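Every letter in the sequence shown is one number past the one before it in UniProt numbering, and letter 434, counting from 1, is 434.
Each residue gets a CB set at the ideal place from its N, CA and C atoms; glycine is no exception.
In this text the structure is predicted, and so the values were computed from the model without any measurement.
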Amino acid sequence: MAELHRAVLAGDLRDPGERVPPWLAAVLRRGLARRPEDRFPSMGELLDRLASDPLAARRQRLRVAGLALASALASMLFVLLAVELREQWLRAQVERAAEKSLAATEARIAEARDAGDPGAAARAFEAFVADPRHDGTPALARAWLHEAARRRDDGDSDAARTAFASAYVRAAAPDQQLAALVGLAQLFRARLDWDALASLFRQLDREHPGAAPELADLRRDVAFGRRDFAAARAELAEGGPASVRALAEALVGAGATAYRDVERVHVEADRVVVLPSRDDPRAVHIAARAPGLPPLRALPAAAGTRTLQVAPGEPLFAVGRGYESGLPVTLYRADPDALTPLLTWDEEVPTAMAAADLDGDGVRELYVGTSAGRELLSLTPRDDGQWERRVVYSEADTLESSPSGLAPVDLDGDGSLELAASFTGWRAYDVRLLRLDPATRTLRTVARDKLGMVLGLTPLRGPAGAPLLVAHNTHVDASALVFPPDRPHGDPAGVYIYALEGDRLVRRDQLVHPLPAGAVRFDSWPPKVGDANGDGRDDIALEFARGGRTHTLLYLQEDDGRFTPVLLGELQVLAFAQLDDDAADELIANLAEPDGGTRLWVVGAGDEALAPVPTPPAPAAAPELDDPAWNRTWRHAQTLQGLGLLDDAAREFADLGRRASRPTSRATAYYTAAVLRERSGREREAQALFRSASEAPELAADALQGAMRTQLRLGDYEGAQQTLAALARLPALADDVRRALAQRWAPLVAVGRERVDLDFDRPLAPAWTIDEPLGLRHRPGARSLALAADTAGALASLPVAWQGEMIELAADLTVAETEWGSGLEIALVPEADAPTGTPTVWLGAHTPAPAAAASRSRGCSCAAWASGASATSSSPRSRRAAPPSPPA
Numbered sequence: 001m002a003e004l005h006r007a008v009l010a011g012d013l014r015d016p017g018e019r020v021p022p023w024l025a026a027v028l029r030r031g032l033a034r035r036p037e038d039r040f041p042s043m044g045e046l047l048d049r050l051a052s053d054p055l056a057a058r059r060q061r062l063r064v065a066g067l068a069l070a071s072a073l074a075s076m077l078f079v080l081l082a083v084e085l086r087e088q089w090l091r092a093q094v095e096r097a098a099e100k101s102l103a104a105t106e107a108r109i110a111e112a113r114d115a116g117d118p119g120a121a122a123r124a125f126e127a128f129v130a131d132p133r134h135d136g137t138p139a140l141a142r143a144w145l146h147e148a149a150r151r152r153d154d155g156d157s158d159a160a161r162t163a164f165a166s167a168y169v170r171a172a173a174p175d176q177q178l179a180a181l182v183g184l185a186q187l188f189r190a191r192l193d194w195d196a197l198a199s200l201f202r203q204l205d206r207e208h209p210g211a212a213p214e215l216a217d218l219r220r221d222v223a224f225g226r227r228d229f230a231a232a233r234a235e236l237a238e239g240g241p242a243s244v245r246a247l248a249e250a251l252v253g254a255g256a257t258a259y260r261d262v263e264r265v266h267v268e269a270d271r272v273v274v275l276p277s278r279d280d281p282r283a284v285h286i287a288a289r290a291p292g293l294p295p296l297r298a299l300p301a302a303a304g305t306r307t308l309q310v311a312p313g314e315p316l317f318a319v320g321r322g323y324e325s326g327l328p329v330t331l332y333r334a335d336p337d338a339l340t341p342l343l344t345w346d347e348e349v350p351t352a353m354a355a356a357d358l359d360g361d362g363v364r365e366l367y368v369g370t371s372a373g374r375e376l377l378s379l380t381p382r383d384d385g386q387w388e389r390r391v392v393y394s395e396a397d398t399l400e401s402s403p404s405g406l407a408p409v410d411l412d413g414d415g416s417l418e419l420a421a422s423f424t425g426w427r428a429y430d431v432r433l434l435r436l437d438p439a440t441r442t443l444r445t446v447a448r449d450k451l452g453m454v455l456g457l458t459p460l461r462g463p464a465g466a467p468l469l470v471a472h473n474t475h476v477d478a479s480a481l482v483f484p485p486d487r488p489h490g491d492p493a494g495v496y497i498y499a500l501e502g503d504r505l506v507r508r509d510q511l512v513h514p515l516p517a518g519a520v521r522f523d524s525w526p527p528k529v530g531d532a533n534g535d536g537r538d539d540i541a542l543e544f545a546r547g548g549r550t551h552t553l554l555y556l557q558e559d560d561g562r563f564t565p566v567l568l569g570e571l572q573v574l575a576f577a578q579l580d581d582d583a584a585d586e587l588i589a590n591l592a593e594p595d596g597g598t599r600l601w602v603v604g605a606g607d608e609a610l611a612p613v614p615t616p617p618a619p620a621a622a623p624e625l626d627d628p629a630w631n632r633t634w635r636h637a638q639t640l641q642g643l644g645l646l647d648d649a650a651r652e653f654a655d656l657g658r659r660a661s662r663p664t665s666r667a668t669a670y671y672t673a674a675v676l677r678e679r680s681g682r683e684r685e686a687q688a689l690f691r692s693a694s695e696a697p698e699l700a701a702d703a704l705q706g707a708m709r710t711q712l713r714l715g716d717y718e719g720a721q722q723t724l725a726a727l728a729r730l731p732a733l734a735d736d737v738r739r740a741l742a743q744r745w746a747p748l749v750a751v752g753r754e755r756v757d758l759d760f761d762r763p764l765a766p767a768w769t770i771d772e773p774l775g776l777r778h779r780p781g782a783r784s785l786a787l788a789a790d791t792a793g794a795l796a797s798l799p800v801a802w803q804g805e806m807i808e809l810a811a812d813l814t815v816a817e818t819e820w821g822s823g824l825e826i827a828l829v830p831e832a833d834a835p836t837g838t839p840t841v842w843l844g845a846h847t848p849a850p851a852a853a854a855s856r857s858r859g860c861s862c863a864a865w866a867s868g869a870s871a872t873s874s875s876p877r878s879r880r881a882a883p884p885s886p887p888a
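Printed below as a string of structure tokens:
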């Protein structure tokens, strides 16, 4: 106590530690201060200070604030809930109103269509989709889905595709998006648009993974259509027809050959005969029957031979002829080191040829179909070593019709060969079975079936090896003389399978082409037959054209005799051949090369892999402006591009460029639109967009190169020269771009400055050689040259110096009066070979002679040809041949 007393008197307080709050310790120190003046003035103030706990006050303030905040939040949540409920109610009202409006619109559309008033139906639909009250509603997407289905059912696939895309873009519900994608997928498949279908599947996998199992078959079709047989095999691992699975397995692996630009391939027991189209003169190439087709020898025909047909077998025969009218036809025999001429006669180009021993004497006769004579000839060796040419099936027998196909067959299985023949116009349009009459040594008709424009025949092994015949009926030519008005092409187009029952050709099957209209090529005969999948049954291959590229339609024969179609994209099958030790035949096929030609490949044997068709470029990344509507439209355009709707996407991107607030975003939008326009072949629009995009330094190099490409394709060489100069002035141009400009583009641009313009506003200059003075006329004051001739041959010629670089030939022609089967050609021919030499480039306007003039179908066609590659047009305008691409 004494120590405590001293501490109190001295004012020496002990530290209370952490048990006493700092504010309370301070109050206690002041209250216990030694000096009175340091203490609280009164007891009341001390008590007040002891009662003023700041922590308690803070807790009280927090409680009050929390209650206030809770009340505010509750009020806010109540307001937001009320607003959300009101918005949901309003949205439901809008959607209900839109659904009622859609129901009424659909009723009006159905009524208008039933009444045969498509205009009223279109106006009703357009009024619904244009109503802003329907934006964002499920009814709007449903309306587009209904309209897409109607357009598809009406056969307007382009309009249906746009409608399905619009439905997809406007759909918010996953089921509507999926329905739109499925509809687009089916349309793309029907159009064989593999690129768009592949893009759609990528979009589908991103947004709806695992959905739409009904599209599994289409995924397999895309893999075959894009020449990705390994992917097809993977798709088929989950299931599918056994024949198609075996095909995918058989086609993996390939090997390139040394042959380019091949026209025909014939497979024999121990060799393969290859006929390239660009040989001058034409030649027969012999290759070993082994993977890669190792070349053995080449046997050229006589100089000037431009067409060559082959009848395979031992010995091998060939018939050749030049292009010009009046030139003779020559029969050759393929000896070990040369084509030996056997017989020459005056005739048009043979239309069909086959070698067969129809008389059973052990020596094959050669049978040739003629175009002008419309008859069948036999070419047979005599005892004195000479060859005899006889008419064995006359013009009366053919019904004044041209033979289009010949094939030795034994359809009755008696061991004796007959000759299957097909005939086109003027009057036949049929398939026949011909047998040699031993007494007259002429052919007589055993059976006949009127079918249509049959282009080629091929024997086929049916179920259990039954002998059958394949005929390809194409709707190339109509005839009002032969067929009724409601079916002027004859029976439906497709592949017909024939059997012989007694003396009747019986149709066992008809295979309808699963192809868009107009996809079968005119020169796609005869059908090819072989075992593509190794199941021991014969399959059928037909080539067809789509999108400027050549593809193959395979019919795989099943064990019950039915056929399963498979489309092989960008692969032109020319023959089947067994080249290795597996069960399946290999496909000998043409594949396109980057320079525009083709290379012959063996598919199904080899260590190489066929390069899949290049994937279309992905849509450009969005620049993302501070404009939600602009960003939304960009994503919309990206979706359209991803779905293959390039023109619609280009239009959206161009509009984005006009609306962009930043220069870089503006240029990016213009450049993206320009690339899409260029891919669609709309060169002038692409050029203007490239020019607009080049204003941004970041895109100037790419945009100016794009502008130069379009200028060259349009023939604007002066503009291309200016663009090339602008590119060279860019300060930060990459080295590889500078090399490409110097090595690839500068020579092309320079060539365009050298030109020869021939204007006929005055009499012909003395340098002209006039071969037919009476066929030319220049009227005083006229700015054109009038041509009138009824004989074949050169009319006039002019020497022109050419350095061998890129060349363009353009002409302005007006056809005033013409005859069936006549034409005019303007050609650049090497001087040493003129006038019958192979043209370097030519333009021609022709009036084709139809097989039935009674149809009164008239028209002019134009073609451009360069180095064996041709481009054609049905309008009387010249088309420029694409320039060869020089090495970079």
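Does the Cβ-Cβ distance between residue 938 and GLY530 come in under 8 Å?
-> Outside the shown range of the chain (1 to 888) lies residue 938, about which nothing can therefore be said.
For HIS472, the three-state DSSP class (helix, strand or coil) = Residue state, collapsed to three classes: strand.
Nearest-angstrom Cα distance between ARG206 and ARG227?
-> Answer to the nearest angstrom: the Cα atoms are 23 Å apart.
Kindly indicate which residue of GLY642, ALA667, ALA669, LEU689 has the alpha-carbon position closest to the one of GLN203.
-> The shortest C-alpha separation from GLN203 is found at GLY642.
Would you call the segment 554-562 and the segment 269-276 touching, i.e. three or more CB-CB distances under 8 Å?
-> Touching, no, given that fewer than three Cβ pairs across the two stretches are closer than 8 Å.
Just how far apart, CA to CA, sit ASP38 and ALA74?
-> Between the alpha carbons of ASP38 and ALA74 lies a gap of roughly 51 Å.
Are PHE224 and LEU567 closer than 8 Å when you measure CB to CB?
-> Yes, the Cβ-Cβ distance between PHE224 and LEU567 is below 8 Å.
List the whole-angstrom C-beta distance separating LEU331 from LEU343, where the pair is believed to meet the contact cut-off of C-beta under 8 Å.
-> Indeed, because the Cβ distance is near 4 Å, the residues count as touching under 8 Å.
Would you kindly check if the distance between the Cβ of TYR429 and the Cβ of SER479 is under 8 Å?
-> Against a cut-off of 8 Å, the Cβ pair of TYR429 and SER479 comes out as a contact.
What is the residue span of the beta strand (DSSP E) that LEU457 lies within?
-> Per DSSP, LEU457 belongs to the beta strand (DSSP E) from 453-461.
Buried versus exposed call for ALA866 [16 or more other C-beta atoms within 10 Å across all chains shown] = Any reading at ALA866 must be qualified, since the residue scores a pLDDT of 47, below 50, and its modelled position is unreliable; no value is offered.
Cα-Cα separation between residue 894 and ASP771, rounded to whole angstroms = This structure leaves residue 894 out entirely; the chain is present only between 1 and 888.
Proximity below 8 Å, CB of PRO294 to CB of HIS285 = In this structure, PRO294 keeps its C-beta atom at 8 Å or more from the C-beta atom of HIS285.
Between the C-alpha atoms of TRP345 and ALA396, what's the straight-line distance to the nearest angstrom?
-> Straight-line Cα distance between these residues: approximately 22 Å.
Nearest neighbour of TRP802, chosen from THR840, GLY385, MET43 [CA to CA] = It is THR840 whose Cα lies nearest to the Cα of TRP802.
Local Cβ density within 10 Å of ARG684, reported as buried at 16 or more and exposed below that = Exposed: under 16 other Cβ atoms inside 10 Å.
ASP538 versus LEU399 - alpha carbon distance | Near 33 Å, if we compare the C-alpha coordinates of LEU399 and ASP538.
Given a threshold of 16 other Cβ atoms within 10 Å of its Cβ, counted over all protein chains shown, does PRO527 qualify as buried or as exposed?
-> If you draw a 10 Å sphere on the C-beta of PRO527, you find 16 or more other C-beta atoms in it, and that means buried.
Would you identify the three-state DSSP class for ARG227, choosing helix, strand or coil?
-> In the structure shown, ARG227 sits in coil (DSSP, three-state: anything other than H, G, I, E or B).
What is the residue span of the alpha helix (DSSP H) that SER157 lies within?
-> 157-170 is the extent of the alpha helix (DSSP H) around SER157.
Residue from THR442, VAL262, ASP131 with nearest C-alpha to GLU95 | The candidate whose alpha carbon is nearest that of GLU95 is ASP131.
Sufficient close CB pairs (3 or more, under 8 Å) joining the segment 692-710 to the segment 719-729 | The answer is yes - the segment 719-729 touches the segment 692-710, with three or more Cβ pairs under 8 Å.
Is it buried or exposed for ASP648, if we count other Cβ within 10 angstroms and need 16 for buried?
-> Buried, because 16 or more other Cβ atoms sit within 10 Å of the Cβ of ASP648.
Residues that DSSP places opposite ASP430 in a beta bridge = For ASP430, the pairing in a beta bridge is given by DSSP as PHE423, LYS450.
Terminal residues of the continuous beta strand (DSSP E) containing SER378?
-> Secondary structure note for SER378: its beta strand (DSSP E) is the uninterrupted segment 376-381.
Hey, could you find the ends of the alpha helix (DSSP H) PRO341 is sitting in?
-> Element bounds for PRO341: not the alpha helix (DSSP H) but the beta strand (DSSP E), 339-346.
Roughly how far, in whole angstroms, is the beta-carbon of GLU698 from the beta-carbon of THR664, given that I think they are within contact range, below 8 Å?
-> Right, their Cβ atoms sit about 6 Å apart.
In three-state DSSP terms, what is THR330?
-> DSSP places THR330 in strand when its eight states are reduced to three.
List the residues that DSSP assigns as beta-bridge partners of VAL273.
-> DSSP lists HIS266, ILE286 as partners of VAL273.
With 16 as the cutoff for other CB atoms within 10 Å, does PRO291 come out buried or exposed?
-> Only buried fits PRO291, as 16 or more other CB atoms lie within 10 angstroms of its CB.
Considering only the beta carbon of each residue, do THR639 and VAL169 sit closer than 8 Å?
-> Against a cut-off of 8 Å, the Cβ pair of VAL169 and THR639 comes out as a contact.
Coarse secondary structure for ALA256, derived from DSSP in three states | Strand at ALA256.
Of the residues ARG599, PHE40, SER277, the one placed nearest residue 900, counting alpha carbons only = Only positions 1 to 888 of the chain appear in this structure, which leaves residue 900 out of reach.
So ALA356 is in the beta strand (DSSP E); what residue range does that whole segment cover?
-> Run containing ALA356: 352-356, per the beta strand (DSSP E) assignment.
Say whether the segment 450-460 touches the segment 366-378, bearing in mind that this needs 3 or more beta-carbon pairs closer than 8 Å, one atom from each stretch.
-> No: the two stretches stay apart, fewer than three of their Cβ pairs being nearer than 8 Å.
In chain order, what residues of the same chain have a beta carbon less than 7 Å from the beta carbon of ARG219, not counting five sequence neighbours either side?
-> So the qualifying residues of the chain are PHE201, GLU235.
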